[in-house]
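For the sequence shown, the positions run 2 to 312 when the numbering used here is used.
Backbone N, C-alpha and C define an ideal beta-carbon position, used for all residues, glycine too.
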Amino acid sequence: MRSVSNRTRVGLLAAFTAFSALLSTGSATAATQLNGDWAPFDRCPVDAPAMLAADGINTIATCIASSSATGSITLGKTQVTTGRTDLQLGVIQRADGTASLVAPPEGALTADPAEIPGGLIGLMCPSGIPLVSGICRQLTDNNLNRVTATIEPAGAPRDFNMSAAFSTGEPILTIPVRIHLKNPFLGDKCYIGTTANPVLLKPQNVTAPTLSLQRFAADGTPNDDEGEMGRYTFEGADQGDAAFAVPGASGCGAGLLDWAVNLKTGLPSAAGKNSVTLDATSTYFGSPYDPAGLAPDEGRKLSEFWHSAKR
2 MRSVSNRTRV GLLAAFTAFS ALLSTGSATA ATQLNGDWAP FDRCPVDAPA MLAADGINTI
62 ATCIASSSAT GSITLGKTQV TTGRTDLQLG VIQRADGTAS LVAPPEGALT ADPAEIPGGL
122 IGLMCPSGIP LVSGICRQLT DNNLNRVTAT IEPAGAPRDF NMSAAFSTGE PILTIPVRIH
182 LKNPFLGDKC YIGTTANPVL LKPQNVTAPT LSLQRFAADG TPNDDEGEMG RYTFEGADQG
242 DAAFAVPGAS GCGAGLLDWA VNLKTGLPSA AGKNSVTLDA TSTYFGSPYD PAGLAPDEGR
302 KLSEFWHSAK R
């Protein structure tokens, strides 16, 4: 199979900067099922105005998807094992070498929920403070003790480094996030980090991925010779960041329990004492095989191809 055009390669390299850097531990939402090699891109925002406006020459619209079946995040003294995580975004690559990200309507991140080990008992108990010890005595019901953590966006991604995509040890981009802790006693506004003072994740490849290239028809059917679409697949790379700082909790139990959560979990926690890891990631990014050949309607054709692959 002949290689994709240089123009396509440039667009795809830019897209790769946003891969699997983001992590979410919220519940995954249902997505459209797509045929064949389109399957990983089932939430790509192909109908977003910025994607549709790509002309294939000055701008190229690309879909990216990255997933990991397992991982972990350590904040201060607390480590949480994560389940499946999935990132999907659109990328607009411009002729001047800059790029912008387009999130799906429901957000870029979906994943299995994660539970804090030990629940609320692990976060706050035991305690010599009457208010907290009173809560601890009530935690005989597992539903009251259970604490889930959801990592949510807290700002726009930034600081793209395209060259880091194929190397190890270099941050690929910066992702501002906050961690939402959920429990009946903590209320619904308990967060580690805020939009004003977020956790700044700067993920990087810890190990090098294995690269392969697929060419496929508009509807997702493999077609090495005449397929309208091209897809790069990067598999097997562990990704992570161990250099970010974590601010203290806020809004827990209307603010009355912030100090208890912070004390037991060791927050705030300085840079170098926290980490996030995604195991054996699978990352895909795809765009029309010859974007310039679809000018001035590359973005609209990408959308048309995506919809033709629906099962």
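For GLN80, does the count of other Cβ atoms within 10 angstroms reach 16, so buried, or fall short, so exposed?
In the sequence shown, the residue the question calls residue 80 occupies position 79. Exposed, because fewer than 16 other Cβ atoms sit within 10 Å of the Cβ of GLN80.
Any 3 or more C-beta pairs closer than 8 angstroms across the region 260–280 and the region 69–78:
Judged by Cβ distances under 8 angstroms, the region 260–280 makes contact with the region 69–78, as three or more pairs qualify.
How long is the line joining the alpha carbons of ASN143 and ALA51, rounded to whole angstroms?
Within the sequence shown, residue 143 is the residue found at index 142, counting from 1. Within the sequence shown, residue 51 is the residue found at index 50, counting from 1. Straight-line Cα distance between these residues: approximately 46 angstroms.
Does the count of Cβ pairs from the region 143–163 and the region 108–122 closer than 8 angstroms reach three?
Yes, the region 143–163 touches the region 108–122.
How big is the Cα-Cα spacing for LEU295 and VAL178?
Residue mapping note: residue 295 aligns to position 294 of the sequence shown, counting from 1. Residue mapping note: residue 178 aligns to position 177 of the sequence shown, counting from 1. Taking the straight line from one Cα to the other gives about 37 angstroms.
Please report the residue range of the beta strand (DSSP E) in which ASP239 lies.
Translated into positions along the sequence shown, residue 239 becomes position 238. From DSSP, the beta strand (DSSP E) with ASP239 extends over 230–242.
Is the number of C-beta pairs between the region 59–70 and the region 88–100 that are closer than 8 angstroms three or more?
Contact between the region 59–70 and the region 88–100 is present, because at least three Cβ pairs lie under 8 angstroms.
Three-state secondary structure (DSSP) at PRO297?
As a working note, residue 297 is residue 296 in the sequence shown. Coil.
Within 10 Å of its beta-carbon, does THR211 have 16 or more other beta-carbons around it, so buried, or fewer, so exposed?
On the sequence shown, residue 211 is found 210 positions in, with the first residue counted as 1. Of the residues assessed, THR211 falls on the exposed side of the cut-off, its CB having fewer than 16 other CB atoms within 10 angstroms.
According to the neighbour-count rule (16 or more other Cβ atoms, all chains shown, within 10 Å of its Cβ), is THR266 buried or exposed?
Position 265 of the sequence shown holds residue 266. So THR266 counts as buried.
Counted within 10 angstroms of its Cβ, other Cβ atoms place LEU182 as buried (16 or more) or exposed:
Counting from 1 along the sequence shown, the entry for residue 182 is found at position 181. Around the beta-carbon of LEU182, 16 or more other beta-carbon atoms lie within 10 Å, marking it buried.
Out of ALA250, ALA49, GLY108, which one is the CA nearest neighbour of ILE180?
What you label residue 180 is simply residue 179 of the sequence shown in a count that begins at 1. That would be ALA250, whose Cα lies nearest to the Cα of ILE180.
Which residue wins for smallest C-alpha separation from GLY84, given the options THR99, GLU107, THR111, ASN206?
Translated into the one-based positions of the sequence shown, residue 84 becomes position 83. The residue with the shortest Cα to Cα distance from GLY84 is THR111.
Mind checking which residues open and close the alpha helix (DSSP H) that includes THR266?
Counting from one through the sequence shown, the residue named residue 266 turns up at place 265. It spans 259–266 - the alpha helix (DSSP H) in which THR266 sits, taken as one unbroken run.
Would you call SER1 buried or exposed, if buried means 16 or more other Cβ atoms sit within 10 Å of its Cβ?
Only positions 2 to 312 of the chain appear in this structure, which leaves residue 1 out of reach.
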